[in-house]
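With this note's numbering, the residue at position 16 of the sequence shown is -4, and numbering never jumps.
Note that the Cβ used here is the ideal one computed from N, Cα and C, for glycine as well.
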Amino acid sequence: MPQYFLKLNAKRPTFAQDMTDDERAIMKQHAAYLGDLMNKGIVAVFGPVFNPDGAFGMGVIEVENEEQVKEIIKNDPASGINNYEYYPMMAILPKK
């Protein structure tokens, strides 16, 4: 199955340091959502990347097609306050 790299771009460079309570609640929902997809074998890895120019989220997913990528992004609570980029990739993953 194809893999994709997901990049979740925060709406401001300081987002990781100064989230509002509402934003923090949404990001907790985001982590739970991706954690559930991980338990289903769709997400291989995800988490924040602490770039000094501004943190961002990353994930690697394995799905059947690009439409599934779009659906995952659409259903992610974090999509309402941040935006995603995604790119096909050839991930080296542990054998299942």
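(message) Can you tell me whether I41 is helix, strand or coil according to DSSP?
(response) In the structure shown, I41 sits in a strand (DSSP, three-state: E or B).
(message) Can you list, in chain order, the residues of its chain with a C-beta nearer than 7 Å to that of G34? Leave out the 5 residues immediately preceding and following it.
(response) Excluding positions up to five away in sequence, the list reads A(-10) and P(-7).
(request) List the whole-angstrom C-beta distance separating I22 from V43, where the pair is believed to meet the contact cut-off of C-beta under 8 Å. (result) V43 and I22 do touch by the CB rule: their CB atoms are close to 6 Å apart, below 8 Å.
(request) Grab the span of the alpha helix (DSSP H) containing G15 for me, first residue to last. (result) Secondary structure note for G15: its alpha helix (DSSP H) is the uninterrupted segment D1 to N19.
(request) Please indicate yes or no: does the CB of N55 lie closer than 7 Å to some heavy atom of the ligand ADP? (result) No copy of the ligand ADP appears in this structure; indeed no ligand is present at all.
(message) Taking the alpha helix (DSSP H) that F(-5) belongs to, which residues open and close that run?
(response) Its alpha helix (DSSP H) spans residues F(-5) to D(-2).
(message) Counting C-beta neighbours from all protein chains within 10 Å, is the total for M(-19) 16 or more, i.e. buried, or is it exposed?
(response) M(-19) comes out exposed.
(request) Let me know the secondary structure DSSP gives G34 once reduced to three states. (result) Secondary structure of G34 (DSSP, three-state): coil.
(message) My assumption, with CB atoms under 8 Å, is that F118 sits in contact with Y64. Please give the rounded CB distance.
(response) Any property of residue 118 remains undetermined from this structure, which presents the chain solely from -19 to 76.
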